Amino acid sequence: MKRFVFLFVVLSLILAACASPAQSASEFDINNWDSVLAAAKGQTVNWYIWGGSDSINTFVDNFYGAALKEQYDITLNRVPLADTADAVNQVLSEKQAGKEIGAVDLIWINGENFFTLKQADMLHKDWAQQLPNSQYVNWDNPAINLDFGRPVDNMESPWSSAQFQFIYDSARTNEDELPRSYNELKDWACAHPGRFTYIAPGPGGFLGTRFAKGALYEISGGAEQWLSFDQALWDQWSPELWNYFNELEPCLWRNGETYPKDESELVNLFSNNEVDLSMTNDITGAGRWITDGRMPETARAFVFDNYMIGDFNYVAIPLNAPNKAAALVLANLLLDPKLQAAQILPANGFGLGYAIDVNRVTDTTALAALQESASTLGDAATPASELAKSLVGDSAAEYQNLLEQGWQENVLQK
Amino acid sequence: MKQGFTYLFRFLLYLILIAPLLLFAAYAFSTRWFFPQPFPIEWTVGTFQRVVHDSQTLSSMVQGVGIAFLVSVLSLLLALPAARVLGLRKFRGRQLAWLLIFIPSIVPPLAVGMGLNILFLRIGLAGTITGVVLAHIIPTLPYTIFTLSSAFARFDENYEFQALALGASPLQIFLKVTLRMITPSLVVAALFAFLISWSQYLLTLLIGGGQIITLPILLFSAASGGNPATIAALSLLFVAPPVLVLAFTARSLNQHGNEIREQY
Chain F
3 MKRFVFLFVV LSLILAACAS PAQSASEFDI NNWDSVLAAA KGQTVNWYIW GGSDSINTFV
63 DNFYGAALKE QYDITLNRVP LADTADAVNQ VLSEKQAGKE IGAVDLIWIN GENFFTLKQA
123 DMLHKDWAQQ LPNSQYVNWD NPAINLDFGR PVDNMESPWS SAQFQFIYDS ARTNEDELPR
183 SYNELKDWAC AHPGRFTYIA PGPGGFLGTR FAKGALYEIS GGAEQWLSFD QALWDQWSPE
243 LWNYFNELEP CLWRNGETYP KDESELVNLF SNNEVDLSMT NDITGAGRWI TDGRMPETAR
303 AFVFDNYMIG DFNYVAIPLN APNKAAALVL ANLLLDPKLQ AAQILPANGF GLGYAIDVNR
363 VTDTTALAAL QESASTLGDA ATPASELAKS LVGDSAAEYQ NLLEQGWQEN VLQK
Chain L
752 MKQGFTYLFR FLLYLILIAP LLLFAAYAFS TRWFFPQPFP IEWTVGTFQR VVHDSQTLSS
812 MVQGVGIAFL VSVLSLLLAL PAARVLGLRK FRGRQLAWLL IFIPSIVPPL AVGMGLNILF
872 LRIGLAGTIT GVVLAHIIPT LPYTIFTLSS AFARFDENYE FQALALGASP LQIFLKVTLR
932 MITPSLVVAA LFAFLISWSQ YLLTLLIGGG QIITLPILLF SAASGGNPAT IAALSLLFVA
992 PPVLVLAFTA RSLNQHGNEI REQY
């Protein structure tokens, strides 16, 4: 008797699960945007996005969530992730299980995860340049058509831009005492022993990798030569790079015995007055960290005179996305000039820069808004002119592993 | 004098137990609390308000409680027959049965979860409440079976025989004799199952695939950003249901303890 009751319960649960609503698979043609909008109407877009920043979460809900609902009758389901790789694993598991309709519609993706999905042939193809707002994107710029040194191939669409910067506390450190090159940084660190450290280059520590790449650029005297891979060039300069870091090491926080593993750890050290410099990728500098209550209100961003690496970040649609039309509408919305103007305002909490080229915007109100936003980045940001002057592109993808592994072997374990 | 020490000891014990919660509260209701400030200077309810008003927080809690409740019930249903046999009977292969039952608590959940995810994706259970509930039963079963079997080890079947001799039906015997005698263990086992399911991150993430959001999913994603105020606010919400359940069951357990004592 009991056994039957139990079986009945389990069976009915399973049946209930099987009866979950079928996904709407209405047809659309990417070249006919109205058909995309019609297909997307009423859909829910499942956006898998790193959820570690409250201000970014709030921005996404308030700006894109509201706009999607009002303008397109699309519901935004923001799925917060602890690590973007979780979304990639989900898609790869679905592939392994042969599921043609998956769970993920859109992923805020970085170069490594993009490459993983591209290799697995699990990305929706031929769409990014067909988006109406793609007209504002400068696809001729290698910083945009290459992600992480690898061709974007129309499989992902940019959302925003970032540039490596340092952060200091103006209540603690005078601006004119700040180092303005890697060479000066070494002297500065040794003049203030224990007051500087950097994020360990490696997975999760992409800011540390970026910091180390900048050092490589300065030591080798140029950024352009690193755009394409050349083993001989690496063999020539990498010993000098390790040399630089090993000379820096005794002057670091805890004598370089250990390094913060990600941005959050470095921010904690900085805000708790253990070190004097932090790092960021945000165009608004320390703005988002101040909004989030993670840094003192006197925190300010600054750059070296050169070799501050900048890049773009993207969204991608998995091949088996259940609501592709809605995902396309959202990817297009991300490039909307009005929302681009909103995303860099420090008060809105997102803090990253434009993905679009302001010069391509012809609408005068939108252009005015973009220019207005760009000039109100707040006190905590680096002035736009200094950012532009020090901007360099990222290196070829092959150097990433060489640098991260080499740093482990030649600096950390030495 | 001796009583004074007892009170002091008791006070210290309470302090140790409540200190982490106080620390969470201090973090959740303050901002910019940096070294070397011994106490927060900027107090705010902003973070807590935002966390509570976030529609995802409430729905994740409701979903998590619902899942944990279903898991408790199903886990008890599965554990009861197994525990009865394991607790009351001696048979060949009993040790082996115990080993099999404990395997889920030894095998890393990642290994179980990855394999289960592919299987559940194939049969359409991934991303559903049913799938997550079934997955949660795996780590809870060892605890529910173990707790119930110890109750059955102390169980005297003669009470059931007596009821049978007095003309009770099997259902009556089960409800009025068996169930009543093992109720305290049943409550403890249900509590275990609830707590394990409620705090499950990995299996929910893998099987739920982002479609089932429970509080641990939000908590881990917040922790990856490292904002102490948000993490603390979510943690306070995270401990609330277990504490409430515990407080509630502690009372019922106490009552039962008294009843049992009265019987003797």
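Taken in sequence, the protein lines are chains F and L. Heads up: take any position in the first sequence, counting from 1, add 2, and you land on the working numbering. Heads up: take any position in the second sequence, counting from 1, add 751, and you land on the working numbering. Ideal Cβ placement from N, Cα and C applies to all residues, glycine included. None of these values were measured; they are calculated from a predicted model.
Considering only residues of the same chain and omitting the five flanking positions on each side of residue i, which have a CB-CB separation below 8 Å?
{"i": "L/PHE999", "result": "none"}
{"i": "F/ALA105", "result": "ASN48, GLN92, GLU96, PRO324"}
{"i": "F/ALA164", "result": "ASN283, ASP284, ILE285, GLY312, ASP313, PHE314, ASN315, LEU354, GLY355"}
{"i": "F/THR199", "result": "LEU254, TRP255, ARG256, GLY258, TYR261, PRO262, LEU268, LEU271, VAL277"}
{"i": "F/PHE213", "result": "PHE166, TYR200, ILE201, PRO203, MET281"}
{"i": "F/GLY395", "result": "PRO144, ALA145, ALA225, LEU229, ILE311, GLY312, ASP313"}
{"i": "L/PRO855", "result": "VAL863, ILE889, PRO890, LEU892, PRO893"}
{"i": "L/VAL796", "result": "PHE780"}
{"i": "F/PRO298", "result": "ASP171, ALA173, SER273, ILE292"}
From this set, the options, which residue's C-alpha is nearest residue i's C-alpha?
{"i": "F/TYR421", "options": "F/ALA303, F/LEU78, F/GLU267, F/TYR309", "result": "Nothing can be reported for residue 421 of chain F: it is not among the residues displayed for chain F, which extend from 3 to 416."}
{"i": "F/LEU125", "options": "F/GLU226, F/GLN342, F/ILE319", "result": "F/ILE319"}
{"i": "L/VAL990", "options": "L/MET812, L/ALA914, L/GLN913", "result": "L/MET812"}
{"i": "F/THR380", "options": "F/ASP365, F/ASN350, F/THR60, F/ALA370", "result": "It is worth fixing the name first, because residue 380 of chain F is Gly in this sequence and not Thr. When each option's Cα is compared against that of F/GLY380, the closest is F/ASN350."}
{"i": "L/SER901", "options": "L/GLN800, L/ARG835, L/ILE769", "result": "L/ARG835"}
{"i": "F/LYS215", "options": "F/PHE247, F/ALA333, F/ASP128", "result": "F/PHE247"}
{"i": "L/LEU801", "options": "L/VAL994, L/ALA983, L/LEU997, L/SER975", "result": "For clarity, residue 801 of chain L is Arg in the given sequence; the question names Leu instead. Nearest option by C-alpha distance: L/ALA983."}
{"i": "F/ASN322", "options": "F/ALA84, F/GLY100, F/PHE150", "result": "F/GLY100"}
{"i": "F/PRO181", "options": "F/ASP56, F/VAL305, F/LEU218, F/GLY151", "result": "F/VAL305"}
{"i": "F/LYS208", "options": "F/ILE103, F/LYS416, F/ALA399, F/LYS127", "result": "Looking at the sequence itself, residue 208 of chain F is Phe, so the reference to Lys does not match. Measuring from the Cα of F/PHE208, the nearest candidate turns out to be F/ALA399."}
{"i": "L/PHE943", "options": "L/ILE964, L/LEU997, L/ALA914", "result": "L/LEU997"}
{"i": "F/SER136", "options": "F/SER375, F/GLU374, F/VAL331, F/LEU347", "result": "F/VAL331"}
{"i": "F/ARG290", "options": "L/SER986, L/ARG1002, L/GLY976, L/LEU988", "result": "L/GLY976"}
{"i": "L/ALA819", "options": "L/VAL884, L/ALA974, L/ALA919", "result": "L/VAL884"}
{"i": "F/SER55", "options": "F/GLN73, F/VAL360, F/ARG296", "result": "F/ARG296"}
{"i": "F/ASP88", "options": "F/GLY113, F/GLU102, F/ILE51, F/THR77", "result": "F/ILE51"}
{"i": "L/ILE963", "options": "F/PRO82, F/LEU187, F/PRO339", "result": "F/PRO82"}
Within its chain, find whatever has a CB closer than 6 Å to the CB of residue i; leave out the 5 residues flanking it on each side and keep chain order.
{"i": "F/VAL62", "result": "ARG80"}
{"i": "L/PHE971", "result": "TYR952"}
{"i": "L/LEU876", "result": "GLY882"}
Note down, in chain order, each residue of its chain lying with its Cβ closer than 7 Å to the Cβ of residue i, except the 5 sequence neighbours on either side.
{"i": "L/LEU861", "result": "LEU953"}
{"i": "F/LEU393", "result": "GLN165, MET310, GLY312"}
{"i": "L/ALA830", "result": "LEU892, THR895, ILE896, LEU899, ALA940"}
{"i": "F/HIS194", "result": "ASP278"}
{"i": "F/ALA24", "result": "Reliability fails at F/ALA24, whose pLDDT of 42 lies under 50, so the model's placement of it is uncertain and the value that follows must be treated cautiously. Closer than 7 Å at the Cβ level, and outside the excluded window around F/ALA24, lies no residue."}
{"i": "F/TYR170", "result": "LEU180, ASP278, LEU279, ARG302, PHE304"}
Let's see if you can read the secondary structure: which residues bound the alpha helix (DSSP H) around residue i?
{"i": "F/LEU250", "result": "233–250"}
{"i": "L/PRO893", "result": "880–904"}
{"i": "F/ILE51", "result": "Element bounds for F/ILE51: not the alpha helix (DSSP H) but the beta strand (DSSP E), 46–52."}
{"i": "F/VAL409", "result": "Residue 409 of chain F is actually Trp in this sequence, not Val. That run of the alpha helix (DSSP H) goes 400–409."}
Can you tell me whether residue i is buried or exposed, with buried defined as 16 or more other CB within 10 angstroms of its CB?
{"i": "L/HIS804", "result": "exposed"}
{"i": "F/PRO153", "result": "exposed"}
{"i": "L/TYR765", "result": "exposed"}
{"i": "L/SER810", "result": "exposed"}
{"i": "L/LEU768", "result": "exposed"}
{"i": "F/PRO160", "result": "buried"}
{"i": "F/ALA329", "result": "buried"}
{"i": "F/TYR138", "result": "buried"}
{"i": "L/ASN978", "result": "buried"}
{"i": "L/LEU995", "result": "exposed"}
{"i": "L/LYS841", "result": "exposed"}
{"i": "L/LEU763", "result": "exposed"}
{"i": "F/PHE116", "result": "buried"}
{"i": "L/TRP794", "result": "exposed"}
{"i": "F/LYS120", "result": "buried"}
For the beta strand (DSSP E) containing residue i, list its first residue and its last residue.
{"i": "L/SER801", "result": "Sequence inspection shows Arg at residue 801 of chain L; the Ser mentioned does not correspond to that position. Segment 797–804 is the alpha helix (DSSP H) holding L/ARG801; no beta strand (DSSP E) there."}
{"i": "F/PRO160", "result": "158–165"}
{"i": "F/ASN308", "result": "That residue, F/ASN308, is in no beta strand (DSSP E); it is neither H nor E in DSSP."}
{"i": "F/SER280", "result": "279–282"}
{"i": "F/THR77", "result": "77–83"}
{"i": "F/LEU108", "result": "108–111"}
Using 7 Å as the cut-off, classify the Cβ of residue i as near or not near the heavy atoms of the ligand MG, replying yes or no.
{"i": "F/PRO181", "result": "In the structure shown, the ligand MG is absent, as is every other ligand, since no ligand is present at all."}
With 8 Å as the C-beta to C-beta threshold (strictly closer), list the residues of the segment 962–994 of chain L near chain F in chain order. Within the segment 962–994 of chain L, the qualifying residues are GLN962, ILE964, ILE968, LEU969, PHE971, SER972, ALA973, ALA974, SER975, GLY976, GLY977, ASN978, ALA980, THR981.
Below 9 Å between beta carbons is the criterion; list the residues of the segment 777–799 of chain L that meet it against any residue of chain F, in chain order. Per Cβ criterion, the list reads SER781, THR782, ARG783, TRP784, PHE785, PHE786, PRO787, GLU793, THR795, GLY797, THR798.
Contact residues within the segment 850–873 of chain L, judged by C-beta distance below 9 Å to chain F: If the cut-off is 9 Å between Cβ atoms, the segment 850–873 of chain L has MET865, ASN868, ILE869, LEU870, PHE871, LEU872, ARG873 near chain F.
Interfacial residues, the segment 73–97 of chain F to chain L, with Cβ spacing under 9 Å: Going along the segment 73–97 of chain F in chain order, one finds ASN79, ARG80, VAL81, PRO82, LEU83, ALA84, ASP85, ASP88, ALA89, ASN91, GLN92, SER95, GLU96 with a Cβ nearer than 9 Å to chain L.
Output needed in chain order: residues of the segment 96–125 of chain F with a Cβ under 9 Å from some Cβ in chain L. Of all residues in the segment 96–125 of chain F, GLU96, GLN98, ALA99, GLY100, LYS101, GLY104, ALA105, VAL106 have a Cβ within less than 9 Å of some Cβ in chain L.
Between the segment 873–894 of chain L and chain F, which residues of the former have CB atoms less than 9 Å from a CB of the latter, in chain order? Of all residues in the segment 873–894 of chain L, only ARG873, ILE874, GLY875, LEU876, ALA877, GLY878, THR879, ILE880, THR881, GLY882, VAL884, LEU885 place a beta-carbon less than 9 Å from a beta-carbon of chain F.
Counting only Cβ-Cβ distances shorter than 8 Å, please list the residues of the segment 283–296 of chain F near chain L, keeping chain order. Cβ contacts with chain L: ASP294, GLY295, ARG296.
For the segment 253–281 of chain F, enumerate the residues whose C-beta is nearer than 9 Å to any C-beta of chain L, in chain order. Residues passing the 9 Å Cβ filter: ASP264, GLU265, SER266, GLU267, VAL269, ASN270, SER273, ASN274, ASN275, GLU276.
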